[in-house]
C-alpha cells in the first residue's frame, strides 16, 4: 500500500497534471514532425484533399439541422432562404438579390471582416468538405458575405432560385435542394446569417457538381452531388464551382503568408489563408509554410 504520510495529495495531483501535459506536448511534436516529413515528399504536387483532421481537433460537436418543412409541405423558395438565414417567415421580405457587376472593385480587407469569416461559420469536425469550405471563405473576403455579392446575379421566386455565376455558368436551385444541402453541410459557427449564406453557396456548388457530373457519379441525383463534395476533392475545385476560375492563379505558401488571399492544400486538408494566416476550424492559425497554394485575386 502507498504511504502518503510525507506527500501532499494535492502535490501528487499537480505532478500528474504536469506529466499529462508533457506527454500531450510530446505527442503533438511527434505528429507535427510526421506531417512535415510527409509533406516534404509531396508539397509540390497538386494534391487531392480528404480533410484529414490534425491531432487534437476531434470533439463531440453536434451538427445543427435546419428544418424547412411546415405542416408536411415544402416552404416557398423565399421562406426556405429566410429559414436558412435564421429569419422568421415574416422577415423574408428583407431578403433581396440584386444584379452585381463582374467588374466590382476589390473590397479592402479589414480585421473585423476577417474575424467574422474565421469564426462566423466553419466546417464540422469529421466532415470532408474542406475544399468547398475554404473556397467559400476566400470568396466572402474577396467579394462579400452574401450570394448576391459572390455571384453575378441571383433571382428568386416561389419555385426556386436562378443563379448566374461570374464565369457565365447558370443553374436553378430548388427549395428542397437548399434544404438537403443545409443538412449535409454540417456548418456551425457564431454567425447565423453567415451560416445561411454559406449553406446557400454550398447548395449551389453541389448543384453545379451535379450538372458537371463531379467524380463521375454526381449527375445521378442531387444527394450524390452532395456526397461528392464531402469526399476527396482536388485543389481549386471549390473555387471553380463558385464560378471564380478567372480570379484564380497558382501561387505559393510564401505569397499567401505575405498577405495574398487564397487557399492552401497540404496533408489532406484545405484551408483559406486570409491576411497571411490559415483558418483552422474557425480559429486563426499560423502563417502557411508549405503546400499547394491558389491565389484569389
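Residue numbers (UniProt numbering): 1 to 297. Backbone N, C-alpha and C fix where the C-beta goes; we use that ideal spot for every residue, glycine too. Being a predicted model, the structure only gives us computed values, none of them experimental.
Does any residue of chain D bring its CB to less than 8 Å from the CB of residue i?
i, result
"residue 160", "Checking the listed chains, one finds no chain D in this structure; it contains a single protein chain."
Taking the alpha helix (DSSP H) that residue i belongs to, which residues open and close that run?
i, result
"residue 202", "192–211"
"residue 140", "130–143"
"residue 149", "147–150"
"residue 285", "No alpha helix (DSSP H) holds residue 285; DSSP gives it neither H nor E."
"residue 153", "Counting along the chain, residue 153 falls outside any alpha helix (DSSP H), though it belongs to the beta strand (DSSP E) covering 153–157."
Do residue j and residue i come within 8 Å of each other at the CB atom, strictly closer than that value?
i, j, result
"residue 209", "residue 241", "yes"
"residue 260", "residue 295", "yes"
"residue 249", "residue 297", "yes"
"residue 139", "residue 154", "no"
"residue 189", "residue 282", "yes"
"residue 247", "residue 266", "no"
Considering only residues of the same chain and omitting the five flanking positions on each side of residue i, which have a CB-CB separation below 6 Å?
i, result
"residue 172", "160 and 162"
"residue 271", "134, 264, 278 and 279"
"residue 174", "160"
"residue 107", "Caution applies to residue 107, whose pLDDT of 44 falls short of 50 and renders its modelled position unreliable; the value that the coordinates give is listed next. Nothing meets the Cβ criterion."
"residue 131", "49, 233, 237, 238 and 270"
"residue 217", "224"
"residue 136", "198 and 201"
"residue 185", "199 and 202"
"residue 228", "209, 214, 215 and 218"
Who are the near neighbours of residue i in its chain, counting only those whose CB is closer than 7 Å to its CB and skipping five residues on each side?
i, result
"residue 181", "199, 202, 203, 206 and 226"
"residue 284", "118 and 277"
"residue 145", "194 and 197"
"residue 262", "138, 251, 256, 273, 293, 294, 295 and 296"
"residue 258", "276"
What does a CB cutoff of less than 8 Å around residue i pick up in its chain, not counting 5 residues either side in sequence?
i, result
"residue 21", "Because the pLDDT at residue 21 is just 48, under 50, the model does not fix this residue reliably, and the value given afterwards should be weighed accordingly. Here the set comprises nothing."
"residue 191", "116, 119, 120 and 121"
"residue 147", "97, 154, 163, 197, 200, 201 and 204"
"residue 286", "277 and 278"
"residue 213", "219"
Going by DSSP, what residue range makes up the beta strand (DSSP E) through residue i?
i, result
"residue 170", "170–173"
"residue 224", "No beta strand (DSSP E) contains residue 224, which is instead part of the alpha helix (DSSP H) from 222–229."
"residue 265", "262–266"
"residue 279", "277–280"
"residue 296", "292–296"
State the CB to CB distance for the pair residue i and residue j, rounded to an integer number of angstroms; the pair is presumed to be in contact (CB under 8 Å).
i, j, result
"residue 129", "residue 230", "5 Å"
"residue 243", "residue 143", "That belief does not hold up - the Cβ atoms of residue 243 and residue 143 are roughly 11 Å apart, past 8 Å."
Handout entry: Three CB pairs or more closer than 8 Å across the segment 117–126 and the segment 253–262
Key = no
Practice task
Specify whether the segment 218–238 and the segment 271–284 touch according to this definition: at least 3 beta carbon pairs, one from each stretch, less than 8 Å apart.
Solution key: No, the segment 218–238 is not in contact with the segment 271–284.
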